[in-house]
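If you read the sequence shown in numbering that gives the first Met the number 0, its first letter stands for residue 0, the second for the next number, and so on.
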Amino acid sequence: MKLGVSKELTIQHLEALQRYHGKKGNCYFSLIHKGVKFNQHVGVIQVGNLTIEVLPKTDGGNQNYWREILIGMLRSVGTLKVGQAGTSHLKIRSNSILDLCFELFITELESLLHQGLTKQYRRIEENSTSLKGKLKFAQQLNYNLIHKERFFVNHQTYDGNHIYNQILFAALELTRSICNAPLLSSRIGAVNLAFPSVDKIKVKELTFSRLKFDRKSESYQQAIDIARMLLLNYHPDISSGNCNVLALMFDMNVLWESFILSSLKRYAINGTLALGKVRKSFWKPENGSKASIEPDIVLKKGDQTIIFDTKWKIIKNNRPSDDDLKQMYVYTNYYQSIHTALVYPATGNSSIRGNFYHELNGKLDKPCSIIRIPLPDETNQIRQWQREISNTLFNV
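And the structure:
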């Protein structure tokens, strides 16, 4: 992994990261003496005014190269959903993954405001100067005993103060408070001025699970997805108040697996089916749950099966670990595959073909290969890279 840091790491930043590390579910880094050590996760963490980028470096390439590769992979698998229209309206060249997320969100909000935010019916209770809806007698006596000109009523209204706009406004407020890019800040301010007045809400995971997208709200889907990523990964530092933490981190092994699978699906040849995580049970105790196995990618060619297990790492001495080989041996026999392969990013060595064999008779059994995927020369060749990946893996 390669780190990119916008400013110097201070004691305040380190203490904020240490407090954040203790939060449930954080597995992005471990604590070391006067520092932190990142693991297989990549992305960006903003601590106060400090931005830390963790990039998926293997060998070669500079920081800009790896940032663009990571962004391209995230876009390809749909983690950062950028359609053709959205891409053409991006106005700045983002200096970080965090800036890209902010810009995607603001671009979506600008588009929604241009087409007009949706309105919904909702019921409200208020003290009104006109009688409409239902008169609430208890509240009327409580609030308006001496104000005969007022009516405490429950009635229906049609406006933009609904849950979808409330979530977007919460994310907009967050973006405005932590964005440090001058060009983006001006756009955020303009969107904030144009956004209608809505109630402020506290957003949780449950808030998003209750959303249902229909014909009127489907245009909100992408903006809500980005808002969800920002809001649920933001951790305000209550103790100090000035070193809040926003972490947008992705497991590089999971991303590599998803990228390979999406490449195979995008450029699948006729009669070939690429599947992810095909789980099968292989052990059942007398009491308790079954044990199961699931290879990363299962490729079906008619009645033939090929298994791929993806690994984002550098193997030493041109040899995979014994655990990886044992895992592939189980896949080969249990799924009756004609070929299994470990898929790594290229590290300068070529791919290697091998075979499982039985030591007693020396008979070579089914093949198991190491496949190294060369990285693209240019960062704007992600689609071409996916096509080359598919050609390589379809022809093992």
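Yeah, the Cβ is synthetic: ideal placement off N, Cα and C, and Gly gets one too.
Note that this is a predicted model, so its numbers are computed, not measured.
Query, Result
"DSSP-derived helix/strand/coil call for R92", "Residue confidence is low: R92 scores 43 on pLDDT, short of 50, so the model does not pin down where it sits. No coordinate-derived value is stated."
"Contact set for R386: own chain, Cβ-Cβ below 6 Å, skip 5 residues either direction", "Y266"
"Beta carbon of A246 nearer than 7 Å to that of N232", "yes"
"Opposing strand residues paired with S368 [DSSP bridges]", "A340"
"Collapsed DSSP secondary structure at S320 in the structure displayed", "coil"
"Residue interval of the alpha helix (DSSP H) (run including N63)", "62–76"
"G275, enclosing beta strand (DSSP E) - first and last residue", "271–275"
"Supposed contact pair E102 and I225 - C-beta distance, whole angstroms, cut 8 Å", "Between E102 and I225 the Cβ distance is about 10 Å, and since that is not below 8 Å, they are no contact."
"Short Cβ contact (7 Å threshold) for I272 with K299", "A small correction: the amino acid at residue 272 is Leu; Ile does not occupy that position in the sequence shown. Yes, these two residues count as a Cβ contact at 7 Å."
"Three-state class that DSSP yields for V395 in the structure shown", "coil"
"Cβ shell of P344 (< 8 Å), same chain only, five flanking positions each side left out", "T57, W255, W311, R371, I372, L374"
"Three-state class that DSSP yields for I388 in the structure shown", "helix"
"Exposed unless 16 or more other CB atoms sit within 10 angstroms - verdict on K90", "Interpretation of K90 is limited by its pLDDT of 43, a score under 50 that renders its predicted location unreliable; no figure is taken from the coordinates."
"Three CB pairs or more closer than 8 Å across the stretch 162–169 and the stretch 26–37", "no"
"Proximity test, K135 beta-carbon vs the ligand COA heavy atom, cut-off 6 Å", "This structure lacks the ligand COA, and indeed carries no ligand of any kind."
"Bridge-paired residues (DSSP) for D250", "H40"
"CB contact flag (I381, S75, <7 Å)", "yes"
"Counterpart residues of Y403 in DSSP-defined beta bridges", "A query on residue 403 cannot be resolved here, the shown segment of the chain reaching from 0 to 395 and no further."
"Simplified DSSP state of G85, which is helix, strand or coil", "Low local confidence applies: a pLDDT of 35 at G85 is under 50, so the model's placement there is unreliable, and no value is given."
"P55 beta carbon less than 7 Å from that of M228", "no"
"Local conformation of F212 per DSSP, three classes", "coil"
"Bridge partner(s) assigned by DSSP for T156", "R121"
"Beta-bridge pairing of N354 - partner residues as DSSP gives them", "P366"
"Chain B within 7 Å of G275, Cβ atoms only", "Here chain B cannot be found, since the structure has a single protein chain."
"Beta-ladder partner(s) of Q303, from DSSP", "K300"
"Alpha-carbon spacing of K365 relative to Y333, whole angstroms", "12 Å"
"Neighbourhood of I305 by C-beta distance below 7 Å, restricted to the same chain and skipping five residues each side", "L298, S336, I337, H338, V395"
"Given 8 Å, three or more beta-carbon pairs between the stretch 255–264 and the stretch 137–150", "no"
"Bridge partners - H234, DSSP secondary structure assignment", "V244"
"Residue of S320, S368, N243, A193 minimising C-alpha distance to Q114", "A193"
"Inter-residue spacing [alpha-carbon to alpha-carbon] between G47 and L13", "11 Å"
"Proximity winner among E377, P294, I351, T174, relative to K325 (alpha-carbon distances)", "P294"
"Opening and closing residue of the alpha helix (DSSP H) in which T174 lies", "162–177"
"When P195, L230, S196 are compared against T206, the one with the closest alpha-carbon", "L230"
"Close Cβ partners of P195 (< 6 Å) along its chain, the five nearest in sequence each way excluded", "G159"
"Assigned exposure category for L69 - 16 Cβ within 10 Å defines buried", "buried"
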